[in-house]
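Input: a single structure, listed below in structure tokens.
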Amino acid sequence: MKEDYGLFVWPCSIILAEYVWQQRLRFSGNRVVELGAGTCLPGLVAAKVGSFVTLTDDANRLEVLANMRRVCDLNNLNCEVLGLTWGVWDASIFSLHPQIILGADVLYDARAFDDLFATVAFLLQSNPGSVFITTYHNRSGHHLIEFLMVKWGLKCVKLLDGFSLLPSNKAARLNGNIQLAEIVLNHERIEETFSSGAG
Numbered sequence: 022m023k024e025d026y027g028l029f030v031w032p033c034s035i036i037l038a039e040y041v042w043q044q045r046l047r048f049s050g051n052r053v054v055e056l057g058a059g060t061c062l063p064g065l066v067a068a069k070v071g072s073f074v075t076l077t078d079d080a081n082r083l084e085v086l087a088n089m090r091r092v093c094d095l096n097n098l099n100c101e102v103l104g105l106t107w108g109v110w111d112a113s114i115f116s117l118h119p120q121i122i123l124g125a126d127v128l129y130d131a132r133a134f135d136d137l138f139a140t141v142a143f144l145l146q147s148n149p150g151s152v153f154i155t156t157y158h159n160r161s162g163h164h165l166i167e168f169l170m171v172k173w174g175l176k177c178v179k180l181l182d183g184f185s186l187l188p189s190n191k192a193a194r195l196n197g198n199i200q201l202a203e204i205v206l207n208h209e210r211i212e213e214t215f216s217s218g219a220g
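Each position in the sequence shown, counted from 1, maps to that position plus 21 in my numbering.
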């Protein structure tokens, strides 16, 4: 049986949701966008702690988007649900103004990395001071991730072992090598680009 990835709660979602809970004062009152939300556990926790949340997933995955709406209704949460395809510049991306961007296990398919980082870079550039917080399985694509972060003018400012965030009884039920990263614009890289192009 082939699983629909967007309808399954992955370990990265559990860890990112736990991080949101632990950092709830940081999230409360802020505008949060979850990219590739799927079952949207981190976004739901953000909404529960007082964030203004927009949940997004691929605009072509109507079943996943409908499920996100049902989950919000079941939890009495007023989250916006939006179809957003990474790397596509339509009206939906221009309507977003996040202070915090979440992404749980969005770094699973190397073919989508460039579009994901283009989308993240656009959102960070459009919303000064914002941050992208992601959890991902530390797989062999690490060098590609580093390359694309440089390409899109991003830098990692915090890197944690995801399992260190969980109580031992929860961590024992999950597997993998999961990292939590906080990513921001690399302002030095942007300034270098503009100054070298100005001459």
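Glycine included, C-beta positions come from ideal geometry on N, C-alpha and C.
Handout entry: Residue interval of the beta strand (DSSP E) (run including C177)
Key = Translated into positions along the sequence shown, residue 177 becomes position 156. Start and end: 175-182.
Practice task
Kindly indicate which three-state DSSP category V60 falls into: helix, strand or coil?
Solution key: Against the sequence shown, residue 60 aligns to sequence position 39. The question names Val, yet the displayed sequence has Thr at residue 60. T60 sits in coil when the DSSP states are folded into three classes, being neither helix nor strand.
Practice task
State yes or no: is the C-beta of I35 within less than 9 Å of the C-beta of L187?
Solution key: The count along the sequence shown starts at 1 and reaches residue 35 at position 14. The count along the sequence shown starts at 1 and reaches residue 187 at position 166. Yes, these two residues count as a Cβ contact at 9 Å.
Handout entry: Reference V152; option with closest CA among Q120, D78, E55
Key = As a working note, residue 152 is residue 131 in the sequence shown. Minimum Cα distance to V152 is reached at Q120.
Exercise for the section: May I ask you to report which of helix, strand or coil DSSP gives V53? Expected result: Numbered from its first residue, the sequence shown carries residue 53 at position 32. Of the three classes helix, strand and coil, the one that applies to V53 here is strand, per DSSP.
Handout entry: Endpoints, beta strand (DSSP E) assigned at D78
Key = The residue you call residue 78 lines up with position 57 of the sequence shown. Membership of D78 in the beta strand (DSSP E) is indicated by the continuous run 73-78.
Handout entry: Terminal residues of the alpha helix (DSSP H) in which H163 lies
Key = The residue you call residue 163 lines up with position 142 of the sequence shown. Under the DSSP assignment, H163 falls in the alpha helix (DSSP H) whose first and last residues are 163-172.
Handout entry: Of the residues L206, A112, G183, the one placed nearest G197, counting alpha carbons only
Key = By 1-based counting over the sequence shown, the position of residue 197 is 176. When only C-alpha atoms are compared, the closest one is G183.
Handout entry: Helix, strand or coil at Q200 [DSSP, three-state]
Key = Working through the sequence shown from its first residue, we reach residue 200 at position 179. Under the three-state reduction of DSSP output, Q200 falls in the strand class.
Practice task
Determine the direct distance from the alpha carbon of E84 to that of H164, and round the result to whole angstroms.
Solution key: Along the sequence shown, read from residue 1 onward, the residue named residue 164 stands at position 143. Along the sequence shown, read from residue 1 onward, the residue named residue 84 stands at position 63. Rounded to whole angstroms, H164 and E84 show a C-alpha spacing of 33 Å.
Exercise for the section: Just confirm the distance between the C-beta atoms of G124 and L56, as a whole number of angstroms; I'd bet it's less than 8 Å. Expected result: Within the sequence shown, residue 124 is the residue found at index 103, counting from 1. Within the sequence shown, residue 56 is the residue found at index 35, counting from 1. Confirmed, about 5 Å.
Problem - Closest Cα partner of V54 within the set Y157, L65, R160 - result: Against the sequence shown, residue 54 aligns to sequence position 33. Of the candidates Y157, L65, R160, the one whose C-alpha sits nearest the C-alpha of V54 is L65.
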